[in-house]
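Peer 1: Heads up: the sequence shown is residues 1289 to 1508, going by the working numbering. Note that CB positions come from ideal geometry on N, CA and C, so glycine has one too.
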Amino acid sequence: MAATSTPSEPSTSDQSTFDRWRRKFGAITGLGATKEEREAEIEAHHHKKCEKWKRELMTYSPAVVFMMKHLKLNGCDVSEGDIVCAPCDITRAGGFVPEAGAVLLCQGKFSSKSHMEDTIVHELVHMYDHAKFKVDWNNLRHHACSEIRANSLSGDCRWSREVMRGFVSFSKQHQECVRRRAVLSVRANPACPDQATAERAVNEVWESCFNDTRPFDEIY
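1) Measuring only between beta-carbons, confirm whether Val1385 sits less than 8 Å from chain D.
2) Measuring straight from C-alpha to C-alpha, what distance separates Asp1417 and Val1490?
3) Taking the alpha-carbon positions, what's the Lys1360 to Pro1350 distance?
4) Under a three-way DSSP split, which group does Ala1390 fall into?
5) Just to confirm, is the Cβ distance from Ala1381 to Lys1397 under 8 Å?
6) To test your reading of the DSSP string, which unbroken beta strand (DSSP E) runs of 3 or more residues are found completely within the segment 1364-1452?
7) Here's a check: name, in chain order, each residue in its chain whose Cβ is nearer than 7 Å to the Cβ of Val1385, leaving out the five neighbours to either side.
8) Let me check understanding here. Comparing Cα to Cα, which of Leu1412, Glu1411 and Glu1405 lies closest to Lys1342?
9) Specify, as a first and last residue, the run of the alpha helix (DSSP H) that Phe1354 falls within.
10) For Arg1502, which of helix, strand or coil comes out of DSSP?
11) Return the residue from the list Ala1484, Cys1480, Arg1475 and Asp1444 that minimises the CA-CA distance to Val1466.
12) Arg1469: buried (16+ other C-beta within 10 angstroms of its C-beta) or exposed?
13) Identify which residue in Arg1429, Gly1363 and Thr1407 has its Cα closest to the Cα of Gly1389.
14) Around the Cβ of Ile1378, are there at least 16 other Cβ atoms within 10 angstroms (buried) or fewer (exposed)?
15) Could you tell me the distance, in whole angstroms, from the CA atom of Val1456 to the CA atom of Gln1463?
16) CB-CB under 6 Å to His1335, same chain, minus the five flanking residues each way: which ones, in chain order?
17) Alpha carbon to alpha carbon, what distance is there between Gln1483 and Val1409?
18) Can you give me the Cβ contacts of Cys1480 inside the same chain, cut-off strictly under 7 Å, excluding the 5 residues immediately before and after it?
19) Thinking just about the alpha-carbon of each residue, which of Gln1461, Gly1383, Asp1424 and Val1413 is nearest to the one in Thr1501?
20) Could you check whether the Cβ of Thr1501 sits closer than 7 Å to any heavy atom belonging to the ligand MG?
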């Protein structure tokens, strides 16, 4: 009588491959995975893409490389570890953390690599100001000046970005965008009591800070 064969157990390698496939399928379709597994898989995907784009921009983006060069000249040698991809609870795409001397990139919040490029340059302008001008971020005039410069010099206020936000203007579009976004940022400062104070801080430093394009020769 022939011996009865029994199915062999799947190898550890096969099982882990299947588990990865199951989690990825679940993240895409919502089937066969828990809510926690779906969220973890999506977050891992966002982190991987954020890190990939970050490395490419730190190597190949003329504006990012230029800012890193001038930061190094001012005593800040920016490495990959100083630009951190992480999940954020906030709606913005990034931020500069003065206490850590680091840039935060909010993974999953970028519509394109050029959006990330603008964000990195924006935050590196803050880092540059922090290093060169010793910004006191609780001083609303200091904060307003750095926000004016960062929004103006980073590409955040180019016409195509404003159209995507729903703002269309053919007269002084760039200046209007810079002013609006600077006021929003200053208003979010815990040291700012109200909208009128934020607008006043931006207005008081507007002329000198908008015209200060350092380290660029001009608005690019």
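Peer 2: Taking the coordinates as given:
1) The displayed structure is made up of one protein chain only, and chain D is not part of it.
2) Cα atoms of Asp1417 and Val1490: separation of roughly 16 Å, rounded to the nearest angstrom.
3) Between Lys1360 and Pro1350, the C-alpha separation is close to 15 Å.
4) Of the three classes helix, strand and coil, the one that applies to Ala1390 here is strand, per DSSP.
5) The answer is yes: Cβ separation under 8 Å.
6) Taking only runs of at least 3 residues, the beta strand (DSSP E) segments lying wholly in the segment 1364-1452 are 1371-1374, 1382-1385 and 1390-1394.
7) The residues Leu1392, in chain order, have a CB closer than 7 Å to that of Val1385 in the same chain once the five nearest residues on each side in sequence are set aside.
8) The residue among Leu1412, Glu1411 and Glu1405 with its C-alpha nearest the C-alpha of Lys1342 is Glu1405.
9) Where Phe1354 is concerned, the enclosing alpha helix (DSSP H) stretches over Pro1350 to Leu1361.
10) Here Arg1502 sits in coil by DSSP.
11) For Val1466, the nearest C-alpha among the options comes from Asp1444.
12) Per the 10 Å Cβ criterion, buried.
13) Nearest of Arg1429, Gly1363 and Thr1407 to Gly1389, Cα basis: Gly1363.
14) Ile1378 counts as exposed, since fewer than 16 other C-beta atoms from the protein chains shown sit within 10 angstroms of its C-beta.
15) Spanning the two alpha carbons is a distance of roughly 13 Å.
16) Within the same chain, Cys1373 and Gln1395 come within 6 Å of His1335 by CB-CB distance, once the 5 residues on both sides are set aside.
17) Each residue's Cα considered, the two are about 26 Å apart.
18) Excluding sequence neighbours, Cys1480 sits near Leu1428, Val1474 and Ala1486.
19) The shortest Cα separation from Thr1501 among Gln1461, Gly1383, Asp1424 and Val1413 belongs to Val1413.
20) No copy of the ligand MG occurs in the structure displayed, which carries no ligand at all.
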